[in-house]
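Report on one structure; see the data block that follows.
Protein chains: 2
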Amino acid sequence: MADSRAGRGGRTQEEIRQRHLGELLRRVHVEGALSRAALAGRMGLNRSTIMTLTAELAAAGLVREEKPAETGRAGRPSLVVTPEPERVFGLAFDVAVDRLVAARVGLGGRILERREAVRPRAGVDLDDVVGVLAGFGRELAAAAAPGAVCAGLGASYCGMVRRADGMVRYGPHLGWVDQAFGAKLADGLGLGLPVEVGNEAHLGAIAEHTRGVGVGADDLIYLHGDVGVGGGILVGGKLLDGDGGYGCELGHMLVNPFDGRPCLCGSRGCLEAEVGEEALLDLAGRSGELFGRDGIRAVVALAGQGDARAGRALDHIGDWLGVGVVNLINLFNPAVVVFGGMLRDLYPGTAARVRSRIDAHVLPVSRERVRLATTALADDTTLQGAAELAFSALLADPLETLTARPPSPGRTADRPRGGS
Amino acid sequence: MADSRAGRGGRTQEEIRQRHLGELLRRVHVEGALSRAALAGRMGLNRSTIMTLTAELAAAGLVREEKPAETGRAGRPSLVVTPEPERVFGLAFDVAVDRLVAARVGLGGRILERREAVRPRAGVDLDDVVGVLAGFGRELAAAAAPGAVCAGLGASYCGMVRRADGMVRYGPHLGWVDQAFGAKLADGLGLGLPVEVGNEAHLGAIAEHTRGVGVGADDLIYLHGDVGVGGGILVGGKLLDGDGGYGCELGHMLVNPFDGRPCLCGSRGCLEAEVGEEALLDLAGRSGELFGRDGIRAVVALAGQGDARAGRALDHIGDWLGVGVVNLINLFNPAVVVFGGMLRDLYPGTAARVRSRIDAHVLPVSRERVRLATTALADDTTLQGAAELAFSALLADPLETLTARPPSPGRTADRPRGGS
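Here it is as structure tokens:
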């Protein structure tokens, strides 16, 4: 007897439909082409519901239905639902320590077109960075197919970002403090859309979980090396962002508190001070001679050729990286630990030392199943994470979001208004 | 047009009603007596729905409705909904390093009656522990009011527990490995109910979040000191338990990897090796003379009286505890860090050192708002967490769970079957 009254506070039919539309679109966005039968199974809905939902998304131009490739099995094959990568795109931006990247990314996650610029390592002010990225973004939007719609804008930034508004609170490698990066980039692009901004390692964790080495691993730790070391940690599939959005600063774990190397944050003995670029080049005796990602690769190559100092430098990195990873495994009991950025280059040569620390110091039950790996998305991990931010509003509420999107420059440039 | 079909995959009216009943019961269980008006506001439902839900819970004997105390305001006052603490209880058990505790806890969280035994520090086997606790539990159940119903059984254990089945995987302080504690305690109690088992620090975190110093703080870290240091970490209000349930082992963060004291886990330089009981007593020159909680309090008192070795021992604890807390704040950006168990006694005398480490090493944005505190539930934090486990099934589905509960011994002992 209480049922109908109690039901008033529950979800309305409209909310349920919106949720289902979003879930269906997210599944084909993440997994690619899926048959109606597969969608029905994954979503726990019947096929006729899937057909209705698909028809709505297709009418909006978000997906299309196709006959599947020949299966060789008898019977009428289930139609395959595919996202529309050319018609619906996001713009993704990546402010990394050594480069600025922008890309037009199709629904489904494929990078359709990109622009990239090498960036000086410090002293670049906000207006310069925004100027370059906004120029790239306008070009990429203008080059989209006629009728294409920009679903959203996402950016990855190599520093601490306030969740609420994309304010860069602390970006030590560019010397930025409290800079309104998200708002200024949105202004510069002039697309009438906000820019969602995330920390690069947070976004890297999401990208590797969505389409990389961490698919299916809901407890995942991503370590992103550039000059320093950032972290993205998923707990039960959700990003750990803490009380203010500043969680996961694993580069500033104090691994060597009383005898450590100075850190850019003002402290000493932070993980990033012991395993970052400066430590490696200094210990290898190559400071002032080698720089950046190329410098790191050169030291790794030298160690491989038997250079003793380079070898000892890598051992130092391995020992301290191992301490950091031990702590993370004991704290988080993750299924997988992923190394990205310059740690992609460093991990293979230090893996034995990292592993031996884990064997010595991680509690047995937590090391039973943990997997260590480098990124599957190579150096596009953070950019792909920014693309996921760009699509987040669309995937939460596909039809409403699409309706609210202004025509993209590509569309208005190529044909008169109302001509589609 | 798609609405009704899409709705099929959504929640049924029955599921919505069950969820609302559980939420209402949880609110009065956690917050105590609440007016219908307050419940309507908190749950976003209208008053007539609240009235219907309350009537169902009252008919089942889970809550009662009362006139509120005189408010002095005009108008008809909203009836107040109160949990039934005597009629519906849980049994909570706590296997701590130095004691065994059992309690009958009323719905609403009040401890109604308890039994406690001092426990030798090591070499106690599973059967002894289960024998003592099962005896306590049977006495407590038999002493319940006639007609009272036992809603569930929860236990806190000072070691690593497998989430799925209450198996103690690793309990270094008792020398337990892979012991079926939960199943054996359930057998010994003979109440026909399973025992939910959790790690003591995980449960402590939940208890302090539910009714202690962390109410409203969804990002919370709880450090529990006994011989070692355990941790419970809430991320967005949810316990971090990792891929296998073994997360939060913050006592085994490697804070002093190359120069550290030996740890019971076989490693060196773990946080608990540097700040645990043994380190304190050893550094204070009191090993073999003082022991356990009393010994720790004695060292704290000696330091207060100007004993130089005791003072230096506390400084050592403060320095390394500070390193651990720095790492946790940089990783988790918590709103509050809570010290429990023997760390309740140690924290006040080490707070200045801990704070100075935080000031030196935590990134400014993460230390903006973080609060440090000792437990509000004193030494009952872990026991209260076990009680929350005991009530978890009831709060998830009140009416079904109650129906499935067998009569408690108290009820059958006092009156013939069918006599209620």
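If you read the protein sequences in the order shown, they are chains A and B.
Take 1 as the starting number for the first sequence in this note's numbering and just add one per residue.
Take 1001 as the starting number for the second sequence in this note's numbering and just add one per residue.
Idealized CB from N, CA, C, for every residue including glycine.
query: Just the C-alpha distance for A/M357 and B/E1277, rounded to the nearest angstrom, thanks.; result: Reading off the sequence shown, one finds Arg at residue 357 of chain A, where the question assumed Met. Rounded to whole angstroms, A/R357 to B/E1277 spans 25 Å at the Cα level.
query: Looking only at DSSP bridge pairs, what is A/C270 linked to?; result: A/L254
query: What's the call for A/P83, buried or exposed, on a 16-neighbour Cβ count within 10 Å?; result: buried
query: Starting from B/Q1179 and walking both ways along the beta strand (DSSP E), at which residues does that stretch end?; result: W1176 to Q1179
query: Considering only the beta carbon of each residue, do B/L1079 and B/L1053 sit closer than 7 Å?; result: no
query: Under 9 Å, CB to CB, which of the residues in the region 352 to 369 of chain A have a partner in chain B?; result: R357, A360, H361, V362, L363, P364, V365, S366, E368 and R369
query: Tell me the DSSP bridge mates of B/N1199?; result: B/Y1157
query: At a cut-off of 6 Å, would you count B/M1051 as near the ligand ZN, judging by its Cβ distance to the nearest heavy atom?; result: Summarising the ligand content, the structure contains no ligands, and the ligand ZN is consequently not present.
query: Output yes or no for whether 7 Å exceeds the beta carbon distance between B/E1200 and B/T1382.; result: yes
query: Does any residue of chain A have a CB that is nearer than 7 Å to the CB of B/G1009?; result: Model confidence at B/G1009 stands at a pLDDT of 45, short of 50, so the residue's coordinates are unreliable and nothing is read from them.
query: Along the chain, where does the alpha helix (DSSP H) that runs through A/R64 open and close?; result: Run containing A/R64: none in the alpha helix (DSSP H); it sits in the beta strand (DSSP E), V63 to E66.
query: Looking at C-alpha atoms only, which residue of B/L1363, B/I1233 and B/M1253 is the closest neighbour of B/I1221?; result: B/I1233
query: From what residue to what residue does the alpha helix (DSSP H) around B/R1115 run?; result: Looking at the DSSP string, B/R1115 is not in any alpha helix (DSSP H); the run it does join, the beta strand (DSSP E), is I1111 to V1118.
query: How close, in whole Å, do the beta carbons of A/G231 and A/G260 come, if the pair is a contact with beta carbons under 8 Å?; result: Not really, about 18 Å apart at Cβ, beyond 8 Å.
query: Less than 7 Å separating the beta-carbons of B/V1197 and B/G1182?; result: yes
query: Measure the Cβ-Cβ separation of A/V129 and A/L107 and say whether it is below 7 Å.; result: no
query: Can you check whether the CB of B/A1378 is closer than 7 Å to the CB of B/S1156?; result: no
query: Using only the alpha-carbon positions, how far apart do A/G90 and A/A376 sit?; result: 21 Å
query: Shortest alpha-carbon distance to A/D219 belongs to which of A/D397, A/S366 and A/E388?; result: A/S366
query: State the Cα-Cα distance for the pair B/L1057 and A/A40, rounded to the nearest angstrom.; result: 37 Å
query: Can you tell me the Cα-Cα spacing of A/F258 and A/G269, whole angstroms?; result: 7 Å
query: With A/L220 as the anchor, note down where its beta strand (DSSP E) starts and where it stops.; result: L220 to G225
query: Just the Cα atoms here: how many angstroms apart are B/A1151 and B/G1061?; result: 12 Å
query: Anything in the region 1310 to 1337 of chain B with a Cβ closer than 7 Å to a Cβ of chain A? List those residues in chain order, please.; result: V1323, V1326, N1327, N1330, L1331, F1332, N1333, P1334 and A1335
query: Going by alpha carbons, who is nearest to B/G1159 out of B/R1353, B/C1248 and B/P1334?; result: B/C1248
query: Under 7 Å between C-beta atoms, does A/M160 make it to chain C?; result: Looking at the structure shown, chain C is missing, and the protein chains on hand are A and B.
query: Taking only three categories from DSSP, how would you classify A/L100?; result: strand
query: Ignore the nearest five residues each way along the sequence and tell me which others in B/I1206's own chain have a CB closer than 6 Å to its CB.; result: G1385 and E1388
query: Can you grab the Cα-Cα spacing for the pair A/G245 / A/R162, in whole Å?; result: 6 Å
query: Can you check whether the C-beta of B/G1242 is within less than 7 Å of a C-beta belonging to chain A?; result: yes
query: Less than 7 Å between CB atoms is the rule here; does A/E249 satisfy it with respect to chain B?; result: yes
query: I'd like to know if A/P257 contacts chain B, where contact means its C-beta is closer than 7 Å to some C-beta of that chain.; result: yes
query: Once the 5 residues before and after B/R1312 are set aside, which same chain residues still bring their CB inside 7 Å of it?; result: L1283
query: Buried or exposed: which applies to A/Q305, given that a residue is buried once 16 or more other Cβ atoms fall within 10 Å of its Cβ?; result: exposed
query: Strictly under 7 Å for the Cβ-Cβ distance: is B/D1219 near chain A by that measure?; result: yes
query: Taking Cβ positions only, does B/H1029 come closer than 7 Å to chain A?; result: no
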